[in-house]
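This report concerns only the one structure given below.
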Amino acid sequence: MDWIRGEKLGHGSFATVNLALAKKQSTQHPPLMAVKTCGISHSSSLVNEKLILEELKDCPEIINCYGESFSCENGEKLYNVLLEYASGGALSEKLKNSDDRGLPENEVRQYTKALLKGLNFIHKFGYVHCDIKLQNILLTPNGGLKIADFGLAKRVGSENGSGFDLRGTPLYMSPEMVAGGKQGTPADIWALGCVVAEMVAGAPAWRCDDVAGLLMRIGVGDAVPEIPGNLSEEGKDFLEKCFVKDPSKRWTAEMLLNHSFLFNDGLDFEMKESCESNSPRCPFDFPDWVSSSVACSITSLPSSEYSEEPPSLRSQRRSTSPAERLRGIVGDQELNWSASGDWVNIR
């Protein structure tokens, strides 16, 4: 595939990420992509990431991979992996723009559910991501979520036994990782809990500036990350299941997908109370229904939540016309692609 390198999007410890524009249109890849690049001499991690992404290609919550290429730029031989471009940016940037107030709980719930679906898929294929954090969670224009950066990912149980292998970012590391270098699928769940707590509070779950002191708190004793006080009781219970010190007793991604925190219908307490008070309690308790004055409308909910709405509301939704329901689901949002004038030809 011939493509053109565009503006720089970001960089890590061994690779940089740029926009990439395909020279020819194809049904196999979009016209605008992201390209992750590193020197060939340091490409083993990026090669591993590309192989893992190809194996996990069928999950909508994981960034897509469109192949690899080699190039020579400024006298240096480079290895490139072409990836899906998530134009919404990293979740860390969205949280940063919230002025440290955190995200609304309904939004946190939506992202948490999508993240769990991706993690469940990764774990079922026998992999551990090893670096779940806000910076590695990307957003799409339609509100979707993509797990990215599999540079540290590994097979479950692939410890080589030759030394202490400390992987990940300290703020999101699990106790078993810090204390013994063990990183199975429960480590990703601990990191997920840190991400959820951070989304709610607008600040990291651990309040510690000293890395050595932080690692001591994580690996030794009974301390766990702080659970935000403004979180619902269901949310607090969800985080308690993530922050179990013993990895064998920590809930799995599959278990957490069935937690009540993820099945809130999105209505605030007053609206729910109003809906319940208007529901008939017996055959003689039906009011004079008028289709144009539904007490509680469901058309404002995303279509993905329709299957989760309570039965008492489903009958009210049917009283709304199909046209009105479609207007509530379909928006006129357009993709906002930005172009750079600094392009470099790659063959």
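The numbers in full-length UniProt numbering rise by one with no breaks, and the one at position 55 of the sequence shown is 55. Ideal placement from N, C-alpha and C gives every residue a C-beta, glycine not left out.
At what residues does the alpha helix (DSSP H) containing Y111 begin and finish? First-last of the alpha helix (DSSP H) with Y111: E105 to K124.
According to DSSP, R155 sits in a beta bridge with which residue or residues? In DSSP, R155 forms a bridge with Y127.
Could you spell out where the alpha helix (DSSP H) holding I40 opens and where it closes? Here I40 belongs to no alpha helix (DSSP H), and DSSP marks it neither H nor E.
Taking W190 as part of the alpha helix (DSSP H), name the residues at either end of that continuous run. Element bounds for W190: T185 to A201.
What's the call for T112, buried or exposed, on a 16-neighbour Cβ count within 10 Å? In this structure T112 is buried. Its beta-carbon is surrounded by 16 or more other beta-carbon atoms within 10 angstroms.
Can you check whether the CB of E107 is closer than 8 angstroms to the CB of M33? Their beta carbons are not under 8 angstroms apart, which means M33 does not touch E107 by this criterion.
Any chance you could list the alpha helix (DSSP H) runs of at least 4 consecutive residues sitting entirely within the stretch 41-79, in chain order? If we require 4 residues or more, the alpha helix (DSSP H) runs fully inside the stretch 41-79 come out as 44-55.
Considering only the alpha carbon of each residue, which of P104, L91, F14 and I4 lies closest to S69? Comparing C-alpha distances from S69 to each of P104, L91, F14 and I4 shows the shortest one belongs to I4.
If you drop the 5 nearest sequence neighbours on each side, which residues of the same chain put their C-beta closer than 8 angstroms to that of D99? If we look at D99 and ignore the five residues flanking it on each side, its Cβ neighbours are G202.
Quick check on R217: does DSSP put it in helix, strand or coil? DSSP places R217 in helix when its eight states are reduced to three.
With DSSP as the reference, please indicate the residues paired to V224 in a beta bridge. Paired residues: none, contrary to the question.
With a threshold of 16 other CB atoms inside 10 Å of the CB of T37, please say whether the residue is buried or exposed. Flag for T37 reads buried.
Look up V290 in the DSSP assignment and say whether it is helix, strand or coil. Only weak support exists for where V290 lies, its pLDDT of 36 falling under 50; the value from the coordinates is given anyway. Coil at V290, not helix or strand.
Is the separation between the beta-carbon of S174 and that of P247 shorter than 8 angstroms? Taking 8 angstroms as the Cβ cut-off, S174 and P247 qualify as a contacting pair.
Taking only the alpha-carbon atoms, compute the straight-line gap between E270 and K133 and give it to the nearest angstrom. Bear in mind that the predicted position of E270 carries a pLDDT of just 38, short of 50, making it unreliable; the figure below should be weighed with that in mind. Spanning the two alpha carbons is a distance of roughly 34 angstroms.
Might you give, ordered along the chain, the residues of its own chain that have their beta carbon closer than 6 angstroms to the beta carbon of V178, omitting 5 neighbours on each side? Listed in chain order, the non-local C-beta contacts of V178 below 6 angstroms within the same chain comprise L215, I218 and G219, local neighbours out to five positions each way being set aside.
Please list, in chain order, all residues of the same chain as G118 whose beta carbon is under 7 angstroms from its beta carbon, the five residues on each side excluded. If we look at G118 and ignore the five residues flanking it on each side, its Cβ neighbours are C59, E61, I62 and I147.
Round the Cβ separation of V224 and P170 to the nearest angstrom and send it over; I've been treating them as touching at under 8 angstroms. The C-beta separation of V224 from P170 comes to about 15 angstroms, leaving the pair out of contact by the 8 angstroms criterion.
Could you tell me the distance, in whole angstroms, from the CA atom of S321 to the CA atom of I52? Here S321 scores only 46 on pLDDT, less than 50, and its place in the model should not be relied on; the value that follows carries that caveat. S321 and I52 have their alpha carbons spaced roughly 46 angstroms apart.
Taking the beta strand (DSSP E) that G6 belongs to, which residues open and close that run? In the DSSP annotation of this structure, the continuous segment of the beta strand (DSSP E) that includes G6 starts and ends at W3 to H11.
Quick one: what's got a C-beta closer than 7 angstroms to K23's C-beta in the same chain, skipping five residues either side? D2, W3 and I4.
Between K8 and the rest of its own chain, which residues show a CB-CB distance below 7 angstroms, the 5 nearest in sequence each way excluded? These residues qualify, in order along the chain: T16 and N18.
With a threshold of 6 angstroms on Cβ separation, who are the neighbours of G168 within its own chain once the five nearest residues in sequence on each side are excluded? The residues C130 and D131, in chain order, have a CB closer than 6 angstroms to that of G168 in the same chain once the five nearest residues on each side in sequence are set aside.
Look at Y127 and K96 and say whether their C-beta atoms are less than 8 angstroms apart. Their beta carbons are not under 8 angstroms apart, which means Y127 does not touch K96 by this criterion.
Specify, as a first and last residue, the run of the beta strand (DSSP E) that V178 falls within. Boundaries for V178: no beta strand (DSSP E) harbours it, while the alpha helix (DSSP H) harbouring it runs P175 to G180, taken from the DSSP string.
What are the partner residues of L145, as DSSP defines its beta bridges? According to DSSP, L145 bridges with L139.
As a quick exercise: from K241, S45 and R101, pick the residue whose alpha carbon is nearest that of M255. Per the Cα distances, K241.
Quick check on the DSSP output: the alpha helix (DSSP H) that includes L256 runs from which residue to which? For L256, the uninterrupted alpha helix (DSSP H) segment begins and ends at A253 to L256.
Whole-angstrom distance between E105 and N264, CA atom to CA atom: Between N264 and E105, the C-alpha separation is close to 10 angstroms.
Three-way DSSP call (helix, strand, coil) for V81 in this model: V81: strand per DSSP, three-state reduction.
Could you compute how far the alpha carbon of G151 sits from the alpha carbon of E93? Using only the alpha carbons, I get a separation of about 21 angstroms.
Residue interval of the alpha helix (DSSP H) (run including E239): Correcting the residue type first, residue 239 is Leu in the shown sequence and not Glu. Unbroken alpha helix (DSSP H) run through L239: E233 to C242.
Excluding the 5 residues preceding and the 5 following L139 in the sequence, name in chain order all residues of the same chain whose CB lies nearer than 7 angstroms to its CB. Closer than 7 angstroms at the Cβ level, and outside the excluded window around L139, lie A86, G88, G89, L91, K94 and L145.
Do you know how far the Cα of Y79 is from the Cα of P141? If I take the Cα positions, the gap works out to 28 angstroms.
Give the range of the alpha helix (DSSP H) segment to which L91 is assigned. L91 to K96 is the span of the alpha helix (DSSP H), which, as asked, contains L91.
Quick check on the burial criterion: 16 or more other C-beta atoms within 10 angstroms. Buried or exposed for K249? The Cβ neighbour count for K249, taken over all protein chains shown within 10 Å, is under 16; the residue is labelled exposed.
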